[in-house]
Each structure stands twice: as C-alpha cells, then as structure tokens.
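Novice: If you read the sequences in order, they're chains A and B. Position 239, counted from 1, in the first sequence is what the working numbering calls 272; the numbers after and before it change by one each time, with no gaps. Position 289, counted from 1, in the second sequence is what the working numbering calls 274; the numbers after and before it change by one each time, with no gaps. Where is the CB? At the ideal position from N, CA and C, for every residue including glycine. This is the structure I want to talk about, given as structure tokens.
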Amino acid sequence: MGSWDVFIQQLLNGLTIGMIYALIALGYTIVYGVLQLINFAHGEIFMAGAYIGLAAAAAWILVSGTALTGGIALAGVLLFAMLGAAALGSLTERFAYRPLRQAPRLAPLITAIGVSFVLQNVVMLLCGPVDKRYPEILAARQYSFGLVSMTHYQIIILIVSVTLMLGLHLFIKKTRTGKAMRAMADDTQAASLMGIPVDRTVNLAFVMGSAMAGAGGVLFGLYYHTVNFHDGYLAGLKAFTAAVLGGIGNIPGAMLGGLLLGVAEGLGAGYLSSEWKNVFAFLVLIAVLLFRPQGILGTRVVKKV
Amino acid sequence: MRSRWERLILIAVVLVFPIMDRNAYHIDVLVTAGLFMILALGLNVIVGYAGILNLGYAALYAVGAYTYALLNLHAGFPFWPGLACAGVSAALFAMLLTLPALRLSGDYLAIVTLGAGEIVRIALNNFDSWTGGPNGLLGIAHPTLGWGDWTFNFGVKSAPYYFLILALLAILVFFLRRLSDSRLGRAWLALREDELAAVSMGINPMWAKCSAFAVGGFIAGLAGAIFAAKQGTVSPDSFDFIVSVMVLAMVVLGGLGNLWGALLGAFALSLLPELLRGFDVYRMLLFGLAMILMMLFRPQGILPEMRNVERRMRNINR
C-alpha cells in the first residue's frame, strides 16, 4: 500500500470512531445548551446503553432460540438500547439534577459523580467485571473501494449515526418542541415566561441526548466486539472534549468536534504512535481553545453589564 | 467546635490516637484521609476561593510525587529539600496551566485542566526511560529526621506520617486562614463573585488566577511528595482522573470556600468507603448513593462558607 492509501484508511477509521464520539457528544451539548450543566454521568449512560443492547440480543436468543442476525435485528437492538438509555437519562435528571436546579453550580456535578458510581457498579454487579463479547449481529464482511477497504460495521456506523444526527437536527430545527429547547438555550427565564414547560423540556433534552448515547453504545460494542463497565469513562471524557471542541451548546459543533477528534486520533495513532493516541485528542483540544476559546462553531457570548 | 474546651479535647484525641490505637489498618486509613485533607485544602483555594473549576488536580499531585521521586533517585535529594522542590515544581506547573486562562473562562478553563491532567498521566505512562512507565519508580527514600548523631527514619509504618501530615495540616490551616483574609484572598473572592466588578476595582485577574493556581499547586505538590515518600514507589494509576474527581467532591461536599468544610469533606469521603467495607461488592454502589443523597440534602455542603458579615454578627451576638 502506498502512503496515500494508508492516509485514507486511517482517515476512515478515524471517521468511524469520530461518529460514535459525535453521537455521545450530542448529549453533552444538548443538556449544556438548556441547563449550562456538564452532565458527568453521560459517559456511563453510553456504557449502560451498550449493555442494554447486549441484554436485548441475549434475550432474543433466549426467546427465539436462534442467533440474532440481519438488519432488522440490528434495528431492534438499537431501538432497545436507545429506549433503555433514554429512560436512564430521564430518571437521572428527575432524581439527581432537578432537585438541585436552584443549588450552587457545582452541586449537580457531585450527584453526577454519584450517579456514575451507581451505574458502573450496577452494571458490574449484574454483568461481571470482565469484558463481555458483543454478538456478531451482522456477518463480518469487507468492502474494497479501490485501494482502501471498509468493514461492514464501519459502513453501518456511518449510516446509522448520520441518520440519527440528521433526525435530531431536524427535530430541533423544525418541531415546536425543538423550538422550545432552542428558546430555553437562549434564555431560560424568558422561555418559561412565554409558557414553555421548563421541566418537561429539560427532561426531554436528557431523554434525547441519552438515546443518542445508547445508540452510540451499541455501535461501539459492535465495532470493538467487546464492552466493559469501565468503557463509559474514557469515551465520555473524549465525547465531552469533542463537544467543547465544536463549541458546547452547539449541535452541529458537537458533530464536527466528534469527527475532528476521531480523525486526529486515527491519524495520530497511525502515523506517530498508538500509545500516545489519547494525548492527541487533548492536545488538539487545548490548541483549539487557545486560538478559539468559544470552540470551533460556538458563538462568543458578549457580557452585558 | 464552639467552646475552647471542645477544641482542646479534639486536639488531644487527634494527638494521642495513634498511641492509643495500635491497629495499623486504622492509622493507615487515617494517613490516606490526611493526604486527601491536604489535597482538599489546596483545591479549595482554586475552586472555593477563586471559583475556578479544576478537573485535573491529580496532575499537580502527580508532579509533586514524581518531582521528589526523580530528585531522590537521580540526585540523591533527601526528603525535606525534596518536599520543597515538589511544592515549587507543582506550583510552576499550575501557573503554566493558567496561561490559557487569560482568554478562557469558566467551564472552558475546567476542560483545559482536565486535558492537562490526562496528558500528564499518559505522559507518565509513556516516558518509560524517565518515569518507569506503568510500573512507576521504586525505592524512593523515606523521610529522616536527625539532630547530631541521632537520626530517625520514618520507615514503612504509618504512624510517623500521621504526625507529619498533622503538622503540615496545622501549618496549612494557619497560613490559609490568614491568606483568605489578606488582600490576595479578598481579590480571589471578589473575582469569584463577579469578575467584571472585580476587574473594574483594579484587581488583575490574570495575577489573581495565577496565584490561586500556584498556591493550590504548591499544596498538591507537598501532598505528592509525602505520598511518594510514604509508599516508596509511585506509579501513574495513583493519579487517575478519579482522584481529581474525588478531591473535588470532597471540597464541594464539605462546603466550597470553607477551610473546615474541605477538611471535613475529605475526612468523611475517605473514611466512608472503609466504613462500607462490610458490604463487600455493594460498597461502591452504596458510596455513590450516599454521595447523591448527601448532596440532595445539603446542596450547599456540610459546612457552607460563612460570609464575613455573618461571622461578625456571630461575634457580636456571643
């Protein structure tokens, strides 16, 4: 393979994982948009989503006795994971964040850490501390395009995440509820005076962000073939980085940030060294913030006195 | 701690505890709690006084620990000068981190600290020839005290470190209380409450942020050196993101901006997992639940910061 093919191949690998980061980053950014809150439990919701998908696949095998394969099976597993993760996100908001909405700014951060501990340990107690194999829902296939090749899963990840992101984008831009969310992001108090149900809108932001993370969890499991109860931590950290990179609170920014982070990681790992892979992500972040403190697509908030 | 008698009794109990209780495990737990109390005091300066969220505090702790370890192993530095160097190098590193602070505000600066924390940990893991990689560094000298011919080596037992940490905590509390009422301390509080107003009153925000990071970093460096000296080894996993998160939780849970709150929060959160040991595998689950419940019931922390006015009012009423 020539150097050009290696570049394209690493770019594709980076884009694939970047899509997953972008899906998780959306949850951080939506919640930050409406509440200015860093939802530190979001990484664990992503991890729980992966496990819920796994449980759905296992349940299917138990009930039907046949292995789970094919596109419909994948759609079912994704749907289950999204619903489960959404329920978890909604519960977290209701019990760990809502009571603290008037509290000092850092108080919800601590309950978020508590929720992370709880989710990690519940998953560990239920599923064990070792890596769990993810079922092969789709047959392993390779497609070659000229000199580069993509696996079946890479293509599925690209399609599913682009579809989900597009759906979310349209929802926020075109529907009434989406408009309510944007209004809250602009000015919560004014929005509530205009009759927007604040609690329901905030909860919906959590539900939608968590559903995206749940889908991300299943795709992550399929791509890496295993999941572990620790996986939420690093993926969450990077997705959060991606959200900040793109400009936190900005939805297209989160997607762009996720892709950039994935590509930086893929190229860094391919050309320099894979041990330093995780450093590139953070170096890119610090470099971008130094030159564009509001993130790539973020708008600078002008302080009014 | 209202009356003088209660204070004296508390001090007496703290002083004689390791002599009365010979259980090595108890002392060990208390030494760990003490290290976290030092860290919480340092982070309280950054997050509590200056109001800057720092998510990479463990990096400063790591810089202190590795500074002493490397100086001791390569240059034969004894503990006491090593302790000072550890503090200074962590302070310098912390000041370096605030360079982006000139342009960043709030949560963005928090992310830079988070990123820096991860970079430090990964760097420690990968600079094998310097830091020993994931295995870390071994054979770091324990502290010694000497006067003429008489020398005392702190060794591996926990009790001497208990007193070392206690002494350091007392010194830190003494200085931090004065510092928080000084011109600089008031500048931090002003900056935290309203940056724009503070700057209009002539406070240099860069200098104030930088000095808060430096003081917090210095304290973390001291804790790191003591940790390295006690363990005799250092390795990168002692400085995970989770350490930063736990120290932050201690400070917030104790009551942001209150020195005693930070101490109490650190003490409570380091002891709690030990007390829950009987619950075996459910331990961390219960720990997480406890954190959520404590925060829901006391969102302002166990000992919220007392404003100067309140403090004066209480003095008048007494």
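Which chain A residues are close to aspartate 222 of chain B, counting only those with a beta carbon under 8 angstroms from its beta carbon?
Specialist: Indexing the second sequence from 1 puts residue 222 of chain B at position 237. Within chain A, no residue comes near aspartate 222 of chain B; the closest Cβ sits about 13 angstroms away, beyond 8 angstroms.
Novice: In this structure, what does DSSP give as the bridge partners for threonine 129 of chain B?
Specialist: Sequence index remark: in the second sequence, residue 129 of chain B carries index 144 (1-based). BP columns for threonine 129 of chain B point to B/Asn138.
Novice: What residues of chain A sit near methionine 276 of chain B, judged by a beta carbon separation below 8 angstroms?
Specialist: Residue numbering aside, residue 276 of chain B sits at position 291 when the second sequence is read from its first letter. Under the 8 angstroms cutoff, chain A gives Ile143, Thr144, Ile146, Gly147, Phe150.
Novice: Evaluate the contact criterion for the region 277 to 285 of chain A versus the region 145 to 162 of chain A: three or more CB pairs, one atom per stretch, below 8 angstroms.
Specialist: No, they do not touch.
Novice: Just to confirm the assignment: which complete alpha helix (DSSP H) runs, minimum length 4, are found wholly within the region 36 to 121 of chain B?
Specialist: Whole alpha helix (DSSP H) segments, 4+ residues: 42 to 60, 64 to 82, 91 to 111, 113 to 116.
Novice: Shortest alpha-carbon distance to leucine 201 of chain A belongs to which of A/Asp220, A/Tyr257, A/Pro285?
Specialist: Against the first sequence, residue 201 of chain A aligns to sequence position 168. It is A/Pro285.
Novice: Going along chain A, which residues have a C-beta under 9 angstroms from leucine 85 of chain B?
Specialist: Translated into positions along the second sequence, residue 85 of chain B becomes position 100. This sequence places proline at residue 85 of chain B; leucine is not what is there. Within chain A, the residues near proline 85 of chain B are Ile319, Leu322, Leu323, Pro326.
Novice: Got a sec: which bits of the region 288 to 304 of chain A sit with their beta carbon under 8 angstroms from any beta carbon on chain B, in order along the chain?
Specialist: From the region 288 to 304 of chain A, no residue has a Cβ closer than 8 angstroms to chain B.
Novice: Within 10 angstroms of its Cβ, does glutamine 222 of chain A collect 16 or more other Cβ (buried), or is it exposed?
Specialist: Here residue 222 of chain A corresponds to residue number 189 of the first sequence, with the count starting at 1. Per the 10 Å Cβ criterion, exposed.
Novice: By alpha-carbon positions, which one of A/Leu133, A/Gly109, A/Phe239 ends up nearest to alanine 92 of chain A?
Specialist: Start at 1 with the first residue of the first sequence, and residue 92 of chain A comes out as number 59. The option with the nearest alpha carbon to alanine 92 of chain A is A/Gly109.
Novice: Compute the Euclidean distance between the alpha carbons of alanine 287 of chain A and alanine 276 of chain A, then round it to the nearest angstrom.
Specialist: Start at 1 with the first residue of the first sequence, and residue 287 of chain A comes out as number 254. Start at 1 with the first residue of the first sequence, and residue 276 of chain A comes out as number 243. Going by the C-alpha atoms only, they are around 4 angstroms apart.
Novice: Taking Cβ-Cβ distances shorter than 9 angstroms, what residues in chain B pair up with glutamate 308 of chain A?
Specialist: What you label residue 308 of chain A is simply residue 275 of the first sequence in a count that begins at 1. Result: Ile107, Asn110, Asn111.
Novice: If I measure Cβ to Cβ from arginine 303 of chain B and keep anything under 6 angstroms in the same chain, skipping five residues before and after, which residues do I get?
Specialist: Along the second sequence, read from residue 1 onward, the residue named residue 303 of chain B stands at position 318. A caution first: arginine 303 of chain B carries a pLDDT of 47, below 50, which makes its placement in the model unreliable, though a value can still be read off. Excluding positions up to five away in sequence, the list is empty.
Novice: Would you mind sorting arginine 106 of chain B into buried or exposed? The rule is 16 or more other CB atoms within 10 Å of its CB.
Specialist: To locate residue 106 of chain B, count along the second sequence from 1; it is residue 121. Looking at its Cβ environment, which holds 16 or more other Cβ atoms inside 10 Å, arginine 106 of chain B is buried.
Novice: Measure from the alpha carbon of alanine 126 of chain B to the alpha carbon of each residue in B/Leu244, B/Ala234, B/Leu154, B/Leu68, then state which is nearest.
Specialist: Working through the second sequence from its first residue, we reach residue 126 of chain B at position 141. Closest option to alanine 126 of chain B, Cα to Cα, is B/Leu68.
Novice: Output the distance between the C-alpha atoms of alanine 219 of chain B and alanine 54 of chain B, rounded to the nearest integer angstrom.
Specialist: As a working note, residue 219 of chain B is residue 234 in the second sequence. As a working note, residue 54 of chain B is residue 69 in the second sequence. Note that residue 219 of chain B is valine in the sequence shown, not alanine. The alpha-carbon atoms of valine 219 of chain B and alanine 54 of chain B are separated by roughly 8 angstroms.
Novice: Along the chain, which unbroken stretches of the alpha helix (DSSP H) at least 4 residues long are found entirely within the region 167 to 252 of chain B?
Specialist: If we require 4 residues or more, the alpha helix (DSSP H) runs fully inside the region 167 to 252 of chain B come out as 168 to 178, 180 to 185, 190 to 216, 226 to 239.
Novice: Counting C-beta neighbours from all protein chains within 10 Å, is the total for glycine 51 of chain A 16 or more, i.e. buried, or is it exposed?
Specialist: Stepping through the first sequence from its first residue, residue 51 of chain A is reached at position 18. By the neighbour-count rule (16 or more Cβ atoms within 10 Å), glycine 51 of chain A is buried.
Novice: Within 8 angstroms of any Cβ in chain B, is that where the Cβ of asparagine 154 of chain A sits?
Specialist: If you number the first sequence from 1, residue 154 of chain A lands on position 121. Chain B, which has a Cβ nearer than 8 angstroms to the Cβ of asparagine 154 of chain A, makes this yes.
Novice: Alpha carbon to alpha carbon, how far is glycine 249 of chain A from leucine 44 of chain A? Give it in angstroms, no decimals.
Specialist: Against the first sequence, residue 44 of chain A aligns to sequence position 11. Against the first sequence, residue 249 of chain A aligns to sequence position 216. Looking at the two C-alpha atoms, the distance is approximately 19 angstroms.
Novice: What residue range does the alpha helix (DSSP H) around tyrosine 256 of chain A cover?
Specialist: Reading the first sequence from its first residue, position 223 is the one you call residue 256 of chain A. Its alpha helix (DSSP H) spans residues 231 to 257.
Novice: For the region 259 to 293 of chain B, list every residue whose C-beta sits within 7 angstroms of some C-beta in chain A, in sequence order.
Specialist: If the cut-off is 7 angstroms between Cβ atoms, the region 259 to 293 of chain B has Val266, Met269, Leu270, Phe272, Gly273, Leu274, Met276, Ile277, Met280, Leu281, Pro284, Gln285 near chain A.
Novice: Could you say if the region 227 to 234 of chain A and the region 244 to 258 of chain A meet the contact criterion of at least three C-beta pairs nearer than 8 angstroms?
Specialist: In short, these stretches do not touch, since the Cβ pair count stays below three.
Novice: With a threshold of 8 angstroms between beta carbons, is alanine 218 of chain A in contact with chain B?
Specialist: For the purposes of this step, residue 218 of chain A is taken as the residue at position 185 of the first sequence. No, no contact with chain B.
Novice: Count the C-beta pairs between the region 24 to 43 of chain B and the region 90 to 104 of chain B that are closer than 8 angstroms, then say yes if the count reaches three, no if not.
Specialist: Touching, per the Cβ criterion.
Novice: Just to make sure I have the definition right: I need the residues of chain A whose C-beta is within less than 7 angstroms of the C-beta of leucine 312 of chain B. Which are they?
Specialist: There is no way to answer for residue 312 of chain B, as the model of chain B reaches only from -14 to 303.
Novice: Identify, in the order they occur along the chain, each residue of the same chain with its Cβ nearer than 7 angstroms to the Cβ of aspartate 38 of chain A, setting aside the five sequence neighbours on each side.
Specialist: As a first step, residue 38 of chain A must be located in the first sequence, where it is residue number 5. Excluding positions up to five away in sequence, the list reads Leu180, Val181.
Novice: For the beta strand (DSSP E) containing glutamine 175 of chain A, list its first residue and its last residue.
Specialist: For the purposes of this step, residue 175 of chain A is taken as residue 142 along the first sequence, with counting starting at 1. Here the beta strand (DSSP E) through glutamine 175 of chain A covers 175 to 178.
Novice: Distance cutoff 8 angstroms, beta carbons only. Does alanine 136 of chain A sit that close to anything in chain B?
Specialist: Start at 1 with the first residue of the first sequence, and residue 136 of chain A comes out as number 103. With 8 angstroms as the cut-off, alanine 136 of chain A counts as an interface residue toward chain B.
Novice: Apply the 10 Å Cβ neighbour rule to tyrosine 147 of chain B and answer buried if 16 or more other Cβ atoms are within range, or exposed otherwise.
Specialist: Here residue 147 of chain B refers to the residue found at position 162 when the second sequence is read from its first residue. So tyrosine 147 of chain B counts as buried.
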